[in-house]
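From first to last, the protein sequence lines are chains F and V.
Each residue of the first sequence is one higher than the one before, counting from 0 in numbering that gives the first Met the number 0.
Each residue of the second sequence is one higher than the one before, counting from 0 in numbering that gives the first Met the number 0.
Taking it in order: structure first as structure tokens, then the write-up.
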Amino acid sequence: MRHWSASLLAAALAAGAFGHARADASLLNVSYDPTRELYRDVNAAFAADWKQRTGETVTIKQSHGGSGKQSRSVIDGLEADVVTLALAWDIDALATHGNLVPADWQKRLPDNSAPYTSTIVFLVRKGNPKGIKDWDDLVRPGVGVITPNPKTSGGARWNYLAAWGYAAKKSGGDAAAKDFVARLFRNVPVLDTGARGATTTFVERGQGDVLLAWENEALLALAEGGGKDRFEIVVPSVSILAEPPVAVVDKVVDKHGTRKVAEAYLQFLYTSAGQEIAAKNGYRPRDASVAAKFAAKFPNVPTFTVDEAFGGWQKAQAAHFADGGTFDQIYTPGR
Amino acid sequence: MRAKHRHALPGFGLTLGVCLAYLGLIVLLPLAALAWKSASLGAAEFWAIVTAPRALAAYRVTFGCAALAGLVNLVFGPLLAWVLVRYRFPGRAFVDALIDLPFALPTAVAGITLTALYASNGPLGRVLEAHGWKIAYTPGGITVALVFVSLPFLVRSVQPVLEHLEPDVEEAAATLGAGRLTTLWRVVLPTLWPAILSGFALAFARALGEYGSVIFIAGNMPMVSEIAPLLITAKLDQYDYAGATAIALVLLAGSFATLLALNLLQLFTVRRRSAGAA
């Protein structure tokens, strides 16, 4: 027993010494699915910037997956210094299920803590054989619509709310909006669990006529392997302003002693260098001058926010995606 | 190093203790945690969750496809085992190794590959669709994926029994005037039944919980091709841990009941056989 505790002590000392010897910081950024390429570029640029400013070497590790699953991993103990997720609801969960961030986390950074935005657009097959121009075309009989399941995919929730918001705006009522969304989902032949899965189903498996997608995913699909010859993007008359938020995970950075560098990392996203990287990767920059530079890439589309149209994510989640919400009602017979 | 039959092994107490502690830690503890988590629901709430229309439809899909996949392998698994045990042919070792591949392959890879094959633009899917068969994104696709992942269970449980079944017995049956079918039906199959049943039970239980390989090919349409494990994941994604464990408990109860029923059936057939032999 003595022997055992002695070796444990030695191990602890060694770990301590090792920890001290390393002045270099290390961050873990837990993010959602389509941001792999974005954060690979951001991490390299930030590390260089940080080195220049402080002389410290910082290494940033990234982890990607479905937004909800990533958030759950952090709640269950994955030590993320920062989270960069698909929707505010998933960071809210860090506050409500584990007290990892304060409830008002979204007020700590500008623009609802969303340094870049995106919107929901339609990806259609080359030449747009079904003549899809706007949301109304998605509910026509014979049009196959691919979207992931909003129960399991953050991106799909943006799709769903975009369609709902369009219909509610046009007809001015929730009943009409529900009917519209129900008809839209009757045209959905496959419900993948995540945004990347849905893109694969549409692009590789040839299912459906139109993919509801993050603009950045649609741009990526066009850029990759002859995508331009096979697909085109259709921008609807109105869409949702998707605001993927970022936050420092207080409990973790205080434990790791990485608060300063973690905060600088997120603030870097708001600098013009950070904004340009976002724009290059298909995310709409917040910064007006950077946005002007990339105006050709991001066509002007009138958007509404979740706060304006649905009163925030908490309410949207409860009304539409919780058990028994409108999405379940669409698929449950006799109700 | 064979155990003496006269008295219990020395160290019986110790090994039994280790065995129970191990089982408790590895198997019972997580299961208890599962039950404990779902106990935070009231009985009425629990019942409402596990009998919701979508949950019922998901059980139907999950249990139905798992049973169908098990039945398909019930026929072809023993056949494969038979060929591997009874015949010597070039490449036998290779075929034998192939059987385990579904175990070794990450299930998501299997799912993506099967979907690519069976989707309407895939090499197999194109042909099948031309004949009016839609496999990918239907319960048929789920069954195909489950047949793939559960095949090794049937083959590997029958193989060792077949190896011990001497061809002499069949030859004896033949010399006594039994036809080939009679030999198969009255001599070979009765010996194999227990192994086939336990293989089926394992395959079925595995298929009930299978997620990775199924999720890509299923289409995941609520009420039609949504499997119970997906419902669990969906609930987890809403941070509804208790609801997720409620559905999980139903799956667990289903698979436990199946294993129990098949074990009893196996016991019964073995008893009847030994009673007949005596």
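Glycine included, every Cβ here is placed at the ideal spot set by N, Cα and C.
Practice task
Sort out for me which residues DSSP pairs Ser62/F with in a bridge.
Solution key: As a first step, residue 62/F must be located in the first sequence, where it is residue number 63. DSSP lists Val29/F as partners of Ser62/F.
Problem - chain F residues whose Cβ lies nearer than 8 Å to that of Gly218/V - result: For the purposes of this step, residue 218/V is taken as the residue at position 219 of the second sequence. Simply Pro188, Val189, Leu190.
Exercise for the section: Please name the residue, chosen from Leu266/V, Leu261/V, Ile216/V, that lies closest to Ala107/V on a Cα-to-Cα basis. Expected result: What you label residue 107/V is simply residue 108 of the second sequence in a count that begins at 1. The candidate whose alpha carbon is nearest that of Ala107/V is Ile216/V.
Handout entry: Contact with chain V by His96/F, beta-carbon distance below 8 Å
Key = Taking the first residue of the first sequence as 1, we reach residue 96/F at position 97. It does: the Cβ of His96/F has a partner Cβ on chain V nearer than 8 Å.
Practice task
Spell out whether any CB of chain F is found under 8 Å from the CB atom of Leu145/V.
Solution key: Locating residue 145/V in the second sequence gives position 146, where the first residue counts as 1. Not closer than 8 Å to any Cβ of chain F, the Cβ of Leu145/V fails to qualify, so no.
Handout entry: Own chain residues within Cβ distance below 7 Å of Asn219/V, not counting five before or after
Key = Your numbering for residue 219/V matches position 220 in the second sequence. Taken in chain order, the residues that qualify are Glu225, Leu229.
Exercise for the section: Could you work out which residue in Glu307/F, Gln266/F, Ser271/F is closest to Ile239/F when comparing CA atoms only? Expected result: The count along the first sequence starts at 1 and reaches residue 239/F at position 240. Ranking the options by Cα distance to Ile239/F, first place goes to Glu307/F.
Problem - Under the three-state DSSP convention, the category Arg124/F falls into - result: Taking the first residue of the first sequence as 1, we reach residue 124/F at position 125. Strand, per DSSP.
Exercise for the section: Please state if the CB of Glu162/V and the CB of Thr182/V are separated by a distance shorter than 8 Å. Expected result: Counting from 1 along the second sequence, the entry for residue 182/V is found at position 183. Counting from 1 along the second sequence, the entry for residue 162/V is found at position 163. No, Cβ-Cβ distance for Thr182/V and Glu162/V is not below 8 Å.
Practice task
Could you tell me whether any Cβ in chain F is nearer than 8 Å to the Cβ of Ser119/V?
Solution key: By 1-based counting over the second sequence, the position of residue 119/V is 120. Chain F, which has a Cβ nearer than 8 Å to the Cβ of Ser119/V, makes this yes.
Practice task
Quick one: give me the first and last residue of the alpha helix (DSSP H) that Val168/V is part of.
Solution key: Translated into the one-based positions of the second sequence, residue 168/V becomes position 169. Counting along the chain, the alpha helix (DSSP H) containing Val168/V begins and ends at 166-174.
Practice task
Determine whether the Cβ of Gln206/F lies closer than 8 Å to any Cβ atom of chain V.
Solution key: Translated into positions along the first sequence, residue 206/F becomes position 207. True, the Cβ-Cβ gap to chain V drops below 8 Å.
Exercise for the section: Take Glu165/V as the anchor and find which of Arg155/V, Leu145/V, Gly139/V, Val187/V has the nearest alpha-carbon. Expected result: Here residue 165/V refers to the residue found at position 166 when the second sequence is read from its first residue. Closest by alpha carbon: Val187/V.
Practice task
With Ser197/V as the anchor, note down where its alpha helix (DSSP H) starts and where it stops.
Solution key: In the second sequence, residue 197/V corresponds to position 198, counting from 1. Unbroken alpha helix (DSSP H) run through Ser197/V: 188-208.
Practice task
Determine the chain F residues that contact Tyr21/V at a beta-carbon separation under 9 Å, and present them in chain order.
Solution key: Counting from one through the second sequence, the residue named residue 21/V turns up at place 22. The premise fails here: Tyr21/V is roughly 21 Å from chain F at the closest Cβ pair, so nothing lies under 9 Å.
Handout entry: Buried or exposed by the 16-neighbour rule on C-beta atoms within 10 Å, applied to Ala20/F
Key = Taking the first residue of the first sequence as 1, we reach residue 20/F at position 21. Interpretation of Ala20/F is limited by its pLDDT of 39, a score under 50 that renders its predicted location unreliable; the figure taken from the coordinates is listed afterwards. Exposed, because fewer than 16 other Cβ atoms sit within 10 Å of the Cβ of Ala20/F.
Exercise for the section: Within 10 angstroms of the Cβ of Gln328/F, are there 16 or more other Cβ atoms? Answer buried if so, exposed if not. Expected result: The sequence position of residue 328/F within the first sequence is 329, counting from 1. Classification for Gln328/F: exposed.
Problem - Residue range of the unbroken beta strand (DSSP E) whose run includes Ile216/V - result: By 1-based counting over the second sequence, the position of residue 216/V is 217. Ile216/V -> no beta strand (DSSP E), and no H or E assigned at all.
Problem - Arg71/F at chain V interface by Cβ criterion, 8 Å - result: Counting from 1 along the first sequence, the entry for residue 71/F is found at position 72. So yes, Arg71/F belongs to the interface.
Exercise for the section: Along the alpha helix (DSSP H) that carries Ala44/F, what are the first and last residues, could you check? Expected result: Here residue 44/F is taken as the residue at index 45 of the first sequence, counted from 1. Here the alpha helix (DSSP H) through Ala44/F covers 35-53.
Handout entry: Short-range partners of chain F found in the stretch 227-243 of chain V, where Cβ spacing is below 8 Å
Key = Leu229, Thr232, Ala233, Lys234, Leu235, Asp236, Gln237, Tyr238, Asp239, Gly242
Exercise for the section: Answer with yes or no whether the minimum CB distance from Asp322/F to chain V is below 8 Å. Expected result: Here residue 322/F refers to the residue found at position 323 when the first sequence is read from its first residue. With 8 Å as the cut-off, Asp322/F counts as an interface residue toward chain V.
Handout entry: Residues of its chain near Ala277/F, where Cβ-Cβ distance is below 6 Å and the 5 sequence neighbours each way are ignored
Key = Here residue 277/F refers to the residue found at position 278 when the first sequence is read from its first residue. Tyr115, Pro284, listed in sequence order.
Problem - Same chain only: Cβ atoms within 6 Å of Phe297/F, ignoring 5 sequence neighbours per side - result: What you label residue 297/F is simply residue 298 of the first sequence in a count that begins at 1. These residues qualify, in order along the chain: Arg283.
Problem - Ile25/V burial status per 10 Å Cβ neighbour count (16 or more: buried) - result: Working through the second sequence from its first residue, we reach residue 25/V at position 26. So Ile25/V counts as exposed.
Practice task
Quick one: give me the first and last residue of the beta strand (DSSP E) that Ala241/F is part of.
Solution key: As a first step, residue 241/F is located in the first sequence; it is residue number 242 there, counting from the start. Looking at the DSSP string, the run of the beta strand (DSSP E) that includes Ala241/F is 238-241.
Practice task
Over the uninterrupted alpha helix (DSSP H) stretch that includes Val260/F, give me the two end residues.
Solution key: Within the first sequence, residue 260/F is the residue found at index 261, counting from 1. Looking at the DSSP string, the run of the alpha helix (DSSP H) that includes Val260/F is 258-267.
Handout entry: Buried versus exposed call for Tyr269/F [16 or more other C-beta atoms within 10 Å across all chains shown]
Key = Within the first sequence, residue 269/F is the residue found at index 270, counting from 1. With 16 or more other Cβ atoms within 10 Å, it is buried.
Exercise for the section: List the residues of chain F whose Cβ lies closer than 7 Å to the Cβ of Ile214/V, in chain order. Expected result: The residue you call residue 214/V lines up with position 215 of the second sequence. Within 7 Å Cβ-Cβ: Thr192.
Handout entry: Proximal chain F residues relative to Arg53/V, where beta-carbon distance stays under 8 Å
Key = Position 54 of the second sequence holds residue 53/V. Residues of chain F passing the Cβ test: Asp327, Tyr330, Thr331.
Exercise for the section: Return the CA-CA distance between Ala321/F and Asp249/F, expressed in angstroms with no decimal places. Expected result: In the first sequence, residue 321/F corresponds to position 322, counting from 1. In the first sequence, residue 249/F corresponds to position 250, counting from 1. Distance between the alpha carbons of Ala321/F and Asp249/F: 28 Å.
Exercise for the section: For Asp99/V, collect the residues of the same chain with a Cβ closer than 7 Å to its Cβ; drop the 5 residues on either side in sequence, then sort them by chain order. Expected result: For the purposes of this step, residue 99/V is identified with residue 100 of the second sequence, where counting begins at 1. Correct list, in chain order: Pro151.
Exercise for the section: For the alpha helix (DSSP H) containing Ile134/V, list its first residue and its last residue. Expected result: Taking the first residue of the second sequence as 1, we reach residue 134/V at position 135. Counting along the chain, Ile134/V falls outside any alpha helix (DSSP H), and DSSP gives it neither H nor E.
Problem - Partners in chain V for Lys150/F, counting only beta-carbon separations shorter than 8 Å - result: As a position in the first sequence, residue 150/F is number 151, starting the count at 1. The contacting residues are Ala233, Asp236, Gln237.
Practice task
Check the Cβ of Lys68/F against every Cβ in chain V and list those closer than 9 Å, keeping chain order.
Solution key: As a position in the first sequence, residue 68/F is number 69, starting the count at 1. The answer, in chain order, is Thr232, Leu235, Asp236.
Practice task
Report all residues from its chain with a CB closer than 7 Å to the CB of Arg156/F; omit the five preceding and five following residues, and keep chain order.
Solution key: The residue you call residue 156/F lines up with position 157 of the first sequence. If we look at Arg156/F and ignore the five residues flanking it on each side, its Cβ neighbours are Leu86, Pro149, Phe320.
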